[in-house]
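A.B. asks: Numbers 3 to 349, taken from my numbering, label the letters of the sequence shown in order.
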Amino acid sequence: MGKLITRFMIMALPLLLTGCMWSGTGPQAVPELPPVNSTREPVSSQPTSEAPTDPIVLGFSQLGTESNWRNANTTSIVDAAEESGVTLIMENAEQSQEKQFEAIRSFIQRRVDVIAIAPVVQEGWEPILQEVKQAGIPVIILDRSVNVRDGSLYVTFIGSDFYEEGVKAGKYILDKMRNFPGPVSIAELEGTLGSTPSIDRGRGFRDTIKADSRFQVTHVLPADFTEEQGRIRMETLLEKPKAEWPQVLYAHNDDMAIGAVEAIEQAGLNPGSDMIIISVDGTRRAVDYMIQGKINAVVECNPLLGPLLMQATKEIMAGRTLPKRMVPPEDIFTQETAAMEAQDRKY
Ligand code: GYE
3 MGKLITRFMI MALPLLLTGC MWSGTGPQAV PELPPVNSTR EPVSSQPTSE
53 APTDPIVLGF SQLGTESNWR NANTTSIVDA AEESGVTLIM ENAEQSQEKQ
103 FEAIRSFIQR RVDVIAIAPV VQEGWEPILQ EVKQAGIPVI ILDRSVNVRD
153 GSLYVTFIGS DFYEEGVKAG KYILDKMRNF PGPVSIAELE GTLGSTPSID
203 RGRGFRDTIK ADSRFQVTHV LPADFTEEQG RIRMETLLEK PKAEWPQVLY
253 AHNDDMAIGA VEAIEQAGLN PGSDMIIISV DGTRRAVDYM IQGKINAVVE
303 CNPLLGPLLM QATKEIMAGR TLPKRMVPPE DIFTQETAAM EAQDRKY
């Protein structure tokens with residue numbers, strides 16, 4: 003049936019996501035969820051031995067529309083729901099945790115079967131998740147994580163290893179700048195403060211560059227994962243005396259890097275050579291920028307989580323157990339591999 007109920011404004015994307023991509027390195031079927039073992043969490047809802055006859059209703063609180071990654075993520079979820087016959091009720095929280103709480107309470111009132119949440123920040127979820135638990139509705143955490151003491155408050159967390167993404171970015175920079183004489187000054191464009199990807203991409207990167215004391219993060223610029231903020235922050239930075247300009251830009255996502263590229267070009271510099279740039283996500287636009295030499299490397303973060311979310315939702319409703327954590331395999335792209343990667347970009 004696949005009836006779609008959504009009040010979410012989806013930005014028109016030219017891409018048709020086929021729903022089966024799980025790695026940036028080529029098409030793969032969504033992996034079968036592994037069989038039950040002792041490390042898996044029992045599902046808290048009443049399991050049924052037979053597949054339910056009514057369509058499963060999934061309430062999903064999406065956090066916003068801040069980036070191309072986010073829009074690809076939303077499209078993947080909408081398409082996957084349609085393809086798998088899950089009725090999706092989706093709400094856009096526009097970066098507000100309070101709005102996420104409201105959406106979740108409305109899902110409880112509507113007695114949806116499963117609630118999925120892409121949390122804008124990682125703190126402050128315990129009370130609302132207790133409410134959901136009391137209502138007996140299983141929860142899937144998607145994309146970003148929540149920091150809760152009681153692990154029984156959600157069934158599984160499907161999302162990337164952001165710390166590892168930061169490590170990959172750090173290793174790339176250490177290698178790229180290994181012959182650079184003297185100190186290497188790095189500007190870091192941070193994503194949404196308090197969000198798991200921003201916290202962990204920052205930590206992973208810093209822990210890695212510690213290996214060489216010449217590498218220092220000299221400018222920390224919060225830019226909320228948006229292209230506009232990336233541009234504004236870089237403009238302001240380049241108004242400082244030349245001696246303070248960084249040699250490297252590490253952006254927590256592609257959109258902020260692309261905004262910064264505009265500011266760097268406006269200042270008469272060549273992004274990618276006058277300033278080495280690395281970002282995270284792997285959107286088609288960033289890959290195009292790499293081909294043009296304006297971004298040096300991009301760490302992949304896969305937004306196409308829809309098929310796995312639907313699969314997990316169905317597994318929960320069938321009473322099966324799931325791994326507590328599901329992480330997609332991810333790569334790093336450089337200018338050398340960008341052209342090949344561009345042929346196959348799905349987002
Ligand atoms: O990297 C960024 C988006 O949570 C992984 O959020 C996601 C991040 C992604 O706005 O582009």
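Even for Gly, the Cβ is constructed at its ideal location relative to N, Cα and C.
1. Run the proximity test for Asn255: is its beta-carbon closer than 6 Å to any non-hydrogen atom belonging to the ligand GYE?
2. In the DSSP assignment, find the alpha helix (DSSP H) that holds Asp202 and state where it starts and stops.
3. Secondary structure at Gly153, three-state DSSP: helix, strand or coil?
4. Name, in chain order, the residues that DSSP records as bridge partners for Val169.
5. Measure the alpha-carbon distance for Ile117 versus Arg287 and round it to whole angstroms.
6. Would you mind reading off the limits of the beta strand (DSSP E) that contains Ile334?
7. Hey, is the segment 192 to 199 in contact with the segment 225 to 241, meaning 3+ C-beta pairs nearer than 8 Å?
8. Is Trp247 near the ligand GYE - that is, is its Cβ less than 6 Å away from at least one heavy atom of it?
9. First and last residue of the alpha helix (DSSP H) that includes Val263?
10. So which of Leu311, Pro305, Met312 and Asp333 has the shortest CA-CA distance to Thr67?
11. With Asp2 and Val329 assumed to form a contact (beta carbons below 8 Å), what rounded beta-carbon distance in angstroms separates them?
12. From which residue to which residue does the alpha helix (DSSP H) around Leu60 run?
13. What I want to know is whether the C-beta of Arg203 ends up closer than 6 Å to one or more non-hydrogen atoms of the ligand GYE.
14. Excluding the 5 residues preceding and the 5 following Ile293 in the sequence, name in chain order all residues of the same chain whose CB lies nearer than 7 Å to its CB.
15. Over the uninterrupted alpha helix (DSSP H) stretch that includes Asn272, give me the two end residues.
C.D. replies: Once the coordinates are examined:
1. Taking the first residue of the sequence shown as 1, we reach residue 255 at position 253. True, at least one ligand heavy atom lies under 6 Å from that Cβ.
2. As a position in the sequence shown, residue 202 is number 200, starting the count at 1. First-last of the alpha helix (DSSP H) with Asp202: Thr198 to Ile211.
3. Looking up residue 153 in the sequence shown gives position 151. Helix.
4. Here residue 169 refers to the residue found at position 167 when the sequence shown is read from its first residue. In the DSSP output, where bridge partners are listed per residue, Val169 has none listed.
5. Here residue 117 corresponds to residue number 115 of the sequence shown, with the count starting at 1. Here residue 287 corresponds to residue number 285 of the sequence shown, with the count starting at 1. Looking at the two C-alpha atoms, the distance is approximately 32 Å.
6. In the sequence shown, counting from the first residue as 1, residue 334 sits at position 332. Ile334 to Thr336 is the extent of the beta strand (DSSP E) around Ile334.
7. yes
8. Translated into the one-based positions of the sequence shown, residue 247 becomes position 245. No; taking the cut-off as 6 Å, the Cβ of Trp247 has no heavy atom of the ligand GYE nearer than that.
9. Along the sequence shown, read from residue 1 onward, the residue named residue 263 stands at position 261. Val263 -> alpha helix (DSSP H) spans Asp256 to Gln268.
10. The residue given as residue 67 occupies position 65 in the sequence shown. The candidate whose alpha carbon is nearest that of Thr67 is Pro305.
11. Because the chain is modelled from 3 through 349, residue 2 falls outside the range shown and cannot be assessed.
12. The residue given as residue 60 occupies position 58 in the sequence shown. Element bounds for Leu60: not the alpha helix (DSSP H) but the beta strand (DSSP E), Val59 to Gln64.
13. Numbered from its first residue, the sequence shown carries residue 203 at position 201. No.
14. Position 291 of the sequence shown, counted from the start, is the residue given in the question as residue 293. Ala340, Ala341 and Ala344.
15. Walking along the sequence shown from the start, residue 272 turns up at place 270. Run containing Asn272: none; DSSP gives neither H nor E here.
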